[in-house]
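To convert, note that position 124 of the sequence shown is 124 in the numbering used here; the numbers rise steadily by one, no gaps. C-beta: ideal position from N, C-alpha, C; glycine also. Note that the structure is predicted; figures quoted are calculated from it, not measured.
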Amino acid sequence: MRIAIDEDIPNELTPLFRGPGLVVEHVEDLGFKGTKNGELLASLSGTHDVLVTGDTNLPHQQNLDNFDIAIVLIHPRRLLIDQIRPLIPRAVAAFATATKHAVTTIGVATTPRSSTPNSERDSKPS
Numbered sequence: 001m002r003i004a005i006d007e008d009i010p011n012e013l014t015p016l017f018r019g020p021g022l023v024v025e026h027v028e029d030l031g032f033k034g035t036k037n038g039e040l041l042a043s044l045s046g047t048h049d050v051l052v053t054g055d056t057n058l059p060h061q062q063n064l065d066n067f068d069i070a071i072v073l074i075h076p077r078r079l080l081i082d083q084i085r086p087l088i089p090r091a092v093a094a095f096a097t098a099t100k101h102a103v104t105t106i107g108v109a110t111t112p113r114s115s116t117p118n119s120e121r122d123s124k125p126s
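In structure tokens, the structure reads:
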């Protein structure tokens, strides 16, 4: 499974997302630093299975039906290393069940859930 880590997640945390059967790459290492969300999703679509991001606006700004990739949204209280780090094991566990064209949210006052834009959010066990 190929995983891309968005630039709002510090690159130094990338190794913590690795595990058996996972190829994990940071967007900076892929040459996509500074790339707008729509272009990034189009570039990763079909080549990566999951994009891990901290961008809570992404699902509202993009029609995820257009991209063949799942989104795992890490949502700590603040997007700081010490608040992201404890969420990483839950994010990695969510990779196996993350649905393409949807967002699985890990973090503040949430249980892992998957949602599609422009529709009701359904709870989803991790």
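Asked, Found
"So for Gly38, helix, strand or coil by DSSP?", "helix"
"Cβ of Val27 within 8 Å of Cβ of Ala4?", "yes"
"What are the boundary residues of the beta strand (DSSP E) that Val50 is part of?", "Val50 to Thr53"
"Roughly how many angstroms separate the alpha carbons of Gly46 and Arg77, rounded to a whole number?", "31 Å"
"Secondary structure at His101, three-state DSSP: helix, strand or coil?", "coil"
"Phe17 and Ile81: beta carbons closer than 8 Å?", "no"
"In the DSSP assignment, what are the bridge partners of Val23?", "Arg2"
"Please state the DSSP three-state secondary structure of Val108.", "coil"
"For Gly19 and Asp8, what's the separation of their Cα atoms in angstroms?", "21 Å"
"Would you say Ile3 touches the ligand ATP, meaning its beta carbon is less than 7 Å from a heavy atom?", "By its list of ligands, the structure shown contains no ligand whatsoever, and the ligand ATP lies outside what it can speak to."
"Just the Cα atoms here: how many angstroms apart are Gly38 and Gln62?", "7 Å"
"Classify Leu188 as helix, strand or coil using the three-state DSSP reduction.", "Here the chain has residues from 1 to 126 only, and residue 188 is not among them."
"Roughly how far, in whole angstroms, is the beta-carbon of Leu64 from the beta-carbon of Ala102, given that I think they are within contact range, below 8 Å?", "6 Å"
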